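Start counting the sequence shown at 9; every next residue gets the next number (our numbering). The beta-carbon is built from N, C-alpha and C at its ideal position, and this holds for glycine as well. Predicted model, so just to flag it, every value in this text is computed and none were measured.
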Amino acid sequence: MPSAPPSSTARSAARVLGLAALALLAAAPHASAAGDWSLAPAGGGRPSFYAEGTPGSALQDTVSVTNPGGHPVTVRLTGSGVPVTFAEPTVRVPARTRADVPFTVTVPAGAAPGDRTGRLVAKDTGGRTVTARLRLRVGGPELSALTVEHVSVHGDRITYELVNRGTTVLAPKLAVRARGLFGRVLLDRAARTLPVRLAPGTRTELSEPWPGHPALDAVDVRLTATAADGAHDTAGTEARFVPWGGVAAVAGVLTAGAAVAVVRLRGQRAGRVAEPGSMSVELTGAAR
9 MPSAPPSSTA RSAARVLGLA ALALLAAAPH ASAAGDWSLA PAGGGRPSFY
59 AEGTPGSALQ DTVSVTNPGG HPVTVRLTGS GVPVTFAEPT VRVPARTRAD
109 VPFTVTVPAG AAPGDRTGRL VAKDTGGRTV TARLRLRVGG PELSALTVEH
159 VSVHGDRITY ELVNRGTTVL APKLAVRARG LFGRVLLDRA ARTLPVRLAP
209 GTRTELSEPW PGHPALDAVD VRLTATAADG AHDTAGTEAR FVPWGGVAAV
259 AGVLTAGAAV AVVRLRGQRA GRVAEPGSMS VELTGAAR
């Protein structure tokens, strides 16, 4: 005979027993508690950290280390990408407890306006590492300024330095022009983007190849650097191209010719003295 369906009272009792079992399981300590802790912005509702300030300012926030497990966990806090200082670099979090740790983000005094990305890093004694993303926006006026310095010609290369004197990152372009005697154009390269990115306050030394430079000429070299937002500068130098090998050869020939001429002249003088018929007699008027 088929059994009778359970009554509503029996179903309610089973439901209560199930909920009680779930509650007991949730309250029971976890076997792998050390691996359950997490790192997040304090207060909830934020997926990551965000800070904004001008160069030189100190910005404060709080990070939460949550340990839902049944054993305490000890973690060490550090920062990467941006300057971060924690009130407690090492924190011990008891079981089923949350520890809120204040920290300070210091905006570097010479930081350029714009966004920077960093991370808060927590590592426990077992080697487990958890990170939280931090985005820092540096405020202040944006200024693009670029200079070309120390231009010099070394044989088949033109060396120079680019200096970022503004507050923004620059991707510079460079144009090269060289003229010889009487304004003759020897080199004319249109502006092209260089394979460098200049951070604010930095300089870099670069060079331009010049394999077809003249063998004999007086040259005026001009470099023009440009970047976004009107940054530009022009600098130059003068150079003399002289074929020293040919000059040395000519000098050697002239020196040898002069030496031969001197030897011949000395030989002629010596021959005149030795010739008996060339001697002159002076009449003194003396008589015996």
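Would you mind stating whether arginine 193 and alanine 199 have Cβ atoms separated by less than 9 Å? At residue 193 the sequence reads valine, which differs from the arginine that was named. No, these two residues do not count as a Cβ contact at 9 Å.
Quick one: what does DSSP say glycine 238 is sitting in, helix, strand or coil? helix
Hey, quick one: how far does the beta strand (DSSP E) through proline 110 stretch, first residue to last? 105 to 114
Could you check the C-alpha separation between valine 90 and proline 251 for me, to the nearest Å? 55 Å
In the structure shown, what three-state DSSP assignment does leucine 87 receive? Residue identity differs from the one stated: residue 87 is glycine in this sequence, not leucine. Strand.
Tell me, to the nearest whole angstrom, how far the beta carbon of proline 217 is from that of glycine 188; I am working on the premise that it is less than 8 Å. Going by Cβ atoms, the distance from proline 217 to glycine 188 rounds to 18 Å, so no, they are not a contact pair.
Using the Cβ count rule (16 or more neighbours within 10 Å means buried), how would you classify alanine 247? buried
Opening and closing residue of the beta strand (DSSP E) in which threonine 93 lies: Residues 92 to 94.
Hey, does arginine 54 have any beta-carbon neighbour from chain C nearer than 9 Å? Here chain C cannot be found, since the structure has a single protein chain.
Sheet register partners of arginine 141 (DSSP bridge): Arg127
Beta strand (DSSP E) segment containing arginine 185, residue limits: Run containing arginine 185: 181 to 187, per the beta strand (DSSP E) assignment.
Element boundaries [beta strand (DSSP E), containing glycine 61]: For glycine 61, the uninterrupted beta strand (DSSP E) run begins and ends at 57 to 61, by DSSP.
Any 3 or more C-beta pairs closer than 8 Å across the region 73 to 84 and the region 93 to 102: With the cut-off at 8 Å, the region 73 to 84 and the region 93 to 102 touch.
Beta carbon of glycine 126 nearer than 9 Å to that of arginine 141: yes
Could you please give the first and the last residue of the uninterrupted beta strand (DSSP E) stretch that includes leucine 151? Where leucine 151 is concerned, there is no enclosing beta strand (DSSP E), given that its DSSP letter is neither H nor E.
In whole angstroms, what separates the C-alpha of leucine 154 from that of phenylalanine 249? If you take the alpha carbons of leucine 154 and phenylalanine 249, they lie about 30 Å apart.
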